[in-house]
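In UniProt numbering, the protein residues as written are 1 to 326.
The C-beta atom is built at its ideal place from N, Cα and C for all residues, glycine as well.
All of these numbers come straight from a predicted model, not from anything done at the bench.
Comments concern the structure below.
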Amino acid sequence: MEETETEEGLSGGEGRALAGGDSLGELHLRLSFGNQGAAQALNLRDSGIPNDKICIANRDDSYAEDAKAKGFTVEHNFEKAASLADVLFILIPDQVQPKLFNNTILPHLKDDVTIVVASGYNVFFKLLQFKPKQDVVMVAPRMIGSSVRSLYEKGKGFPFALAICKAIGATKAGAIASSAREETIMDLLAEQALWPNIIMLFREAFEVLQKAGCSDEALCYEMWMSKEPAEIFERTADEGFITQLKHHSTCSQFGQLNGALKLNGETAKRHFVDILYNQAEFSNLEDELEKEGDQNPLNRLYDRASDSALGQAEKRVRARLADLLK
1 MEETETEEGL
11 SGGEGRALAG
21 GDSLGELHLR
31 LSFGNQGAAQ
41 ALNLRDSGIP
51 NDKICIANRD
61 DSYAEDAKAK
71 GFTVEHNFEK
81 AASLADVLFI
91 LIPDQVQPKL
101 FNNTILPHLK
111 DDVTIVVASG
121 YNVFFKLLQF
131 KPKQDVVMVA
141 PRMIGSSVRS
151 LYEKGKGFPF
161 ALAICKAIGA
171 TKAGAIASSA
181 REETIMDLLA
191 EQALWPNIIM
201 LFREAFEVLQ
211 KAGCSDEALC
221 YEMWMSKEPA
231 EIFERTADEG
241 FITQLKHHST
251 CSQFGQLNGA
261 LKLNGETAKR
271 HFVDILYNQA
281 EFSNLEDELE
291 KEGDQNPLNR
301 LYDRASDSAL
311 GQAEKRVRAR
321 LADLLK
């Protein structure tokens, strides 16, 4: 396992680190059971952590029922779960962490508890009020929870994690020492700038080709439903961002390299810098994101995106090909 996070102002005091020789099996672990929580709890148990040392702290909902069905102990009283924890995994959405942790969890934690986060967002922006002697470590799998689980089951891992990484399967592919700052700024740039631009480019390209007379089916399969982009990114991960181009046709290689080098990226770069240093909107949406229906801003965004030409065309294609897509 890697060392604990030492970002200034993060952990304070010396605390108790979970070093490579410590036995997680002797500690009491507390997790939730959502996207990351379910995968990490299952991986911990399969790594040899006794089931009676793992407690799922979750409100009474479908996730809690799923945890019980999988044989885990579930505690709905967060205060009680917090008071017994030696290691606490904070695996709930970023926007709800500060209020729940600071008001409900923190007052009941042991002074020497180890707190594990999967995202550095609230740590970097100092929104979580840790006690001076509490160790804080980051285990950032760099992928969704289902992949954390499926890679573990395949005997593979995922790089980029700290501390508890061995027990949840990360070190099978190595672990990279990082910091809350590094993880947060990379996440922000990817989620708030890079991927929005990719979605925008697909959307606009779709409309141009649709107006040029291309059918819904041909467009959806050419652009993503054939899984060609997924295969390209898999090659990119295995061989390199530029090197994988050699698997494409000569025309494709020339077009991609020549076109990319001709494009002026200064406007995009300024946009990325602005997002990186002026991102504050999400932190102010905690209460709004708990609302139902069109009162929730995320639901409104989904509605707007679904109304695009791309969104509407995909609905038609999936409806027409429903039997083939099962």
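Next on the checklist: Within the continuous alpha helix (DSSP H) that includes Glu266, where are the two ends?
Outcome noted: 266-278
Item to check | Close Cβ partners of Ala81 (< 8 Å) along its chain, the five nearest in sequence each way excluded | outcome: Arg30, Cys55, Ala57, Glu75
Next on the checklist: Please classify Asp135 as buried or exposed, where buried requires at least 16 other C-beta atoms within 10 Å of its C-beta.
Outcome noted: buried
Next on the checklist: Alpha carbons only, please: which of Leu44, Lys291, Phe272, Arg320 is nearest the one belonging to Ala193?
Outcome noted: Phe272
Next on the checklist: For Gln97 and Gly293, what's the separation of their Cα atoms in angstroms?
Outcome noted: 22 Å
Item to check | Residue ranges of each alpha helix (DSSP H) within the segment 167-247, 4 or longer | outcome: 180-189, 195-211, 216-220, 228-239
Checklist entry - How many Å lie between Ala39 and Gln256 at the Cα? => result 38 Å
Item to check | Presumed contact (8 Å Cβ cut-off) between Leu276 and Leu189, rounded CB distance | outcome: 6 Å
Next on the checklist: DSSP three-state label for Leu162, please.
Outcome noted: Only weak support is given to the placement of Leu162: the predicted model assigns it a pLDDT of 44, under 50, and the value that follows is read from those uncertain coordinates. Here Leu162 sits in coil by DSSP.
Next on the checklist: Classify Phe233: buried if its beta carbon has 16 or more other beta carbons within 10 angstroms, exposed otherwise.
Outcome noted: exposed
Checklist entry - Any idea if Asp287 is buried or exposed, counting beta-carbon neighbours within 10 angstroms, 16 or more meaning buried? => result exposed
Checklist entry - Where DSSP assigns a beta bridge to Val317, which residues make up the other side? => result In the DSSP output, where bridge partners are listed per residue, Val317 has none listed.
Checklist entry - Among all the DSSP beta bridges, which residues are the ones paired with Val116? => result Phe89, Val137
Next on the checklist: Taking the straight line between their C-alpha atoms, what separation do you get for Glu191 and Asn197?
Outcome noted: 10 Å
Checklist entry - Are the CB atoms of Leu91 and Ser32 nearer to each other than 7 Å? => result yes
Item to check | Whole-angstrom C-beta distance between Ala85 and Leu109, which should lie under 8 Å | outcome: 7 Å
Checklist entry - When we look at the beta-carbon of Gly37 and count the other beta-carbons within 10 Å, is it buried (16 or more) or exposed? => result buried
Item to check | Sequence-distant residues of its chain with Cβ nearer than 6 Å to Ser23 (five each side left out) | outcome: Residue placement at Ser23 is poorly supported in this model, since its pLDDT is 45, which falls under 50; the coordinates still yield a value, given next. If we look at Ser23 and ignore the five residues flanking it on each side, it has no Cβ neighbours.
Checklist entry - By how many angstroms is the C-alpha of Arg59 removed from the C-alpha of Asp303? => result 28 Å
Checklist entry - Between the beta-carbon of Val123 and the beta-carbon of Leu88, is there less than 7 Å? => result no
Item to check | Helix, strand or coil at Ile105 [DSSP, three-state] | outcome: helix
Next on the checklist: Starting from Ala57, trace the beta strand (DSSP E) in both directions and tell me its first and last residue.
Outcome noted: 54-57
Item to check | Backbone secondary structure at Glu75 - three-state DSSP | outcome: strand
Item to check | Test item: CB-CB of Leu310 and Phe241 under 7 Å | outcome: no
Checklist entry - For Ile49, is the classification buried or exposed, using 16 other Cβ atoms within 10 angstroms of its Cβ as the cut-off for buried? => result buried
Checklist entry - Quick one: Cα of Phe101 to Cα of Cys214, how far? => result 51 Å
Item to check | Burial state of Asp216, where buried means 16 or more other Cβ atoms lie within 10 Å | outcome: buried
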